[in-house]
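*Asks:* Before I ask anything, here is the structure I am working with.
Structural data, given as structure tokens:
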């Protein structure tokens, strides 16, 4: 199957942006571990998490080929709708100021304080606990990255482009993190989440429709139209969500 | 064991952050699939219901949460 740029670009873009958000969140926690207990537990926790994720993908990945394509598209489409609309809803509410923004500095401080408190309770077992904290962060955020790669890539044989997008996001976060050596709090996380929510929701409608046998006009190009409509809906939602806050402020 | 429970909880949270939103999405998909199966109707009707329904569900969920000013 020949993969064209117009087919691969949305998958690469969605996987890159979504993975960037998840990797930044994992990086914050790994950095908190490294700052408090050194790079040794942070590194082995991260390496163990990546190894477990790789093992899971290698073991379960081939099963995807056994699922009938329409069933796979429908299942992935519905999961993408649940995931994408959930992200878009939260990002819309955050953009409107209805709920607080995700704050990497605050998460870093909270994680460091929790590890510090644990240190007082457990003494010499702290390296193990710190490593497990890094491990859990990598596993939990990594599972979301794996899902996103599968979701945007599996329906049309785009796993490799989507995987490249996710790996590029990991590379960017690691490179920037190695230079600045502090939480990446200046990443416009809510804007990214808004954009990713738009793209995942568009993919969700597209794959769900394909799964139930809807012949979308324009085929892949329909994705761009759906993305524009979800972008408009998100912006409308932001305006609607601001109204009760403005009324309350008066 | 607690790690597995935590991972399972995280996975569930990925898809069911807000139960009402999730149920509404599943209802829209169900209606779209049922319309697609009905003979004599344009297959695009199911697609239109899926697209418009998803957009409407999003806006309604945001409006409801903003009014309550809370996030479940």
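Protein chains in written order, with this note's numbering: chain A, 1 to 250; chain B, 251 to 322.
Cβ coordinates follow ideal geometry from the N, Cα and C atoms, glycine included.
On a predicted model such as this, the values are computed, not experimentally measured, just so you know.
Tell me which residues of the segment 79 to 92 of chain A have at least one Cβ-Cβ distance to chain B shorter than 8 Å, keeping chain order.
*Replies:* Residues passing the 8 Å Cβ filter: 79, 81, 82, 83, 85, 86, 88, 89, 90 and 92.
*Asks:* Residues in the same chain with beta-carbon distance under 7 Å from residue 21 of chain A, minus the five sequence neighbours each way, listed in chain order, please.
*Replies:* Residue mapping note: residue 21 of chain A aligns to position 21 of the first chain, counting from 1. 189, 192, 193 and 196, listed in sequence order.
*Asks:* Given that residue 257 of chain B touches chain A, what residues does it touch there, using C-beta distances under 9 Å?
*Replies:* Your numbering for residue 257 of chain B matches position 7 in the second chain. Near residue 257 of chain B (Cβ distances below 9 Å), the residues of chain A are 136, 139, 140 and 143.
*Asks:* Can you name the residues of chain B whose CB is closer than 8 Å to the CB of residue 241 of chain A?
*Replies:* Stepping through the first chain from its first residue, residue 241 of chain A is reached at position 241. What residue 241 of chain A touches in chain B: 312, 313, 315 and 316.
*Asks:* Along chain B, which residues have their Cβ under 7 Å away from the Cβ of residue 208 of chain A?
*Replies:* Taking the first chain and counting its residues from 1, one reaches residue 208 of chain A at position 208. 279 and 300, listed in chain order.
*Asks:* Less than 7 Å between CB atoms is the rule here; does residue 251 of chain A satisfy it with respect to chain B?
*Replies:* No answer is possible for residue 251 of chain A: it lies beyond the span of chain A, which begins at 1 and ends at 250.
*Asks:* Less than 7 Å between C-beta atoms, sequence neighbours within five positions excluded: which residues of the same chain meet that for residue 208 of chain A?
*Replies:* Working through the first chain from its first residue, we reach residue 208 of chain A at position 208. These residues qualify, in order along the chain: 74, 77, 78 and 81.
*Asks:* Please report the distance separating the alpha-carbon of residue 71 of chain A from that of residue 126 of chain A.
*Replies:* As a position in the first chain, residue 71 of chain A is number 71, starting the count at 1. As a position in the first chain, residue 126 of chain A is number 126, starting the count at 1. Taking the straight line joining both Cα atoms gives about 46 Å.
*Asks:* If we define contact as Cβ-Cβ less than 7 Å, is residue 285 of chain B a contact residue for chain A?
*Replies:* Sequence index remark: in the second chain, residue 285 of chain B carries index 35 (1-based). By this cut-off, residue 285 of chain B is not an interface position.
*Asks:* Are the Cβ atoms of residue 26 of chain A and residue 180 of chain A separated by less than 7 Å?
*Replies:* What you label residue 26 of chain A is simply residue 26 of the first chain in a count that begins at 1. What you label residue 180 of chain A is simply residue 180 of the first chain in a count that begins at 1. Cβ atoms of residue 26 of chain A and residue 180 of chain A: not closer than 7 Å.
*Asks:* Using a C-beta to C-beta distance shorter than 9 Å, which residues of chain A count as neighbours of residue 273 of chain B?
*Replies:* For the purposes of this step, residue 273 of chain B is taken as the residue at position 23 of the second chain. Correct list: empty, because the minimum Cβ distance to chain A is about 10 Å.
*Asks:* Could you tell me which chain B residues have their CB closer than 8 Å to the CB of residue 201 of chain A, listed as they occur along the chain?
*Replies:* Within the first chain, numbered from 1, the residue matching residue 201 of chain A stands at position 201. Near residue 201 of chain A (Cβ distances below 8 Å), the residues of chain B are 304 and 308.
*Asks:* Could you spell out where the alpha helix (DSSP H) holding residue 202 of chain A opens and where it closes?
*Replies:* Within the first chain, the letter at position 202 stands for residue 202 of chain A. Run containing residue 202 of chain A: 189 to 212, per the alpha helix (DSSP H) assignment.
*Asks:* Taking 7 Å as the threshold (beta carbon to beta carbon), is residue 323 of chain B in contact with chain A?
*Replies:* This structure cannot settle anything about residue 323 of chain B, because the visible part of chain B is limited to 251 through 322.
*Asks:* Taking residue 127 of chain A as part of the alpha helix (DSSP H), name the residues at either end of that continuous run.
*Replies:* As a working note, residue 127 of chain A is residue 127 in the first chain. 126 to 153 is the extent of the alpha helix (DSSP H) around residue 127 of chain A.
*Asks:* Would you please state the rounded distance, in angstroms, between the beta carbons of residue 30 of chain A and residue 134 of chain A? I believe it to be under 8 Å.
*Replies:* Numbered from its first residue, the first chain carries residue 30 of chain A at position 30. Numbered from its first residue, the first chain carries residue 134 of chain A at position 134. Right, the Cβ-Cβ distance comes to about 5 Å (below 8 Å), so this counts as a contact.
*Asks:* Which runs of the alpha helix (DSSP H), 4 residues or longer, sit entirely within the segment 56 to 100 of chain A?
*Replies:* Here the runs fully enclosed are 69 to 96.
*Asks:* Tell me which same chain residues have a C-beta within less than 7 Å of the C-beta of residue 171 of chain A, skipping the five on either side of it?
*Replies:* For the purposes of this step, residue 171 of chain A is taken as residue 171 along the first chain, with counting starting at 1. For residue 171 of chain A, where only same-chain residues beyond five positions count, there are no Cβ hits under 7 Å.
*Asks:* Are the CB atoms of residue 299 of chain B and residue 282 of chain B within a distance shorter than 7 Å?
*Replies:* Reading the second chain from its first residue, position 32 is the one you call residue 282 of chain B. Reading the second chain from its first residue, position 49 is the one you call residue 299 of chain B. Yes.
*Asks:* Might you give, ordered along the chain, the residues of its own chain that have their beta carbon closer than 6 Å to the beta carbon of residue 111 of chain A, omitting 5 neighbours on each side?
*Replies:* Translated into positions along the first chain, residue 111 of chain A becomes position 111. Excluding sequence neighbours, residue 111 of chain A sits near 29 and 32.
*Asks:* Along chain A, which residues have their Cβ under 7 Å away from the Cβ of residue 282 of chain B?
*Replies:* Against the second chain, residue 282 of chain B aligns to sequence position 32. Simply 212.
*Asks:* Along chain B, in chain order, which residues have C-beta atoms closer than 8 Å to that of residue 237 of chain A?
*Replies:* Residue numbering aside, residue 237 of chain A sits at position 237 when the first chain is read from its first letter. Those within 8 Å of residue 237 of chain A in chain B are 308, 309, 312 and 313.
*Asks:* Where do the ends of the alpha helix (DSSP H) carrying residue 159 of chain A lie?
*Replies:* Your numbering for residue 159 of chain A matches position 159 in the first chain. Where residue 159 of chain A is concerned, the enclosing alpha helix (DSSP H) stretches over 159 to 180.
*Asks:* Name, please, each residue of chain B whose Cβ falls closer than 7 Å to the Cβ of residue 205 of chain A.
*Replies:* Within the first chain, the letter at position 205 stands for residue 205 of chain A. Per Cβ cutoff of 7 Å: 300, 301 and 304.
*Asks:* Please check the pair residue 88 of chain A and residue 308 of chain B, which I expect to be a contact at CB under 8 Å, by giving their CB distance rounded to whole angstroms.
*Replies:* Reading the first chain from its first residue, position 88 is the one you call residue 88 of chain A. Reading the second chain from its first residue, position 58 is the one you call residue 308 of chain B. Indeed, because the Cβ distance is near 6 Å, the residues count as touching under 8 Å.
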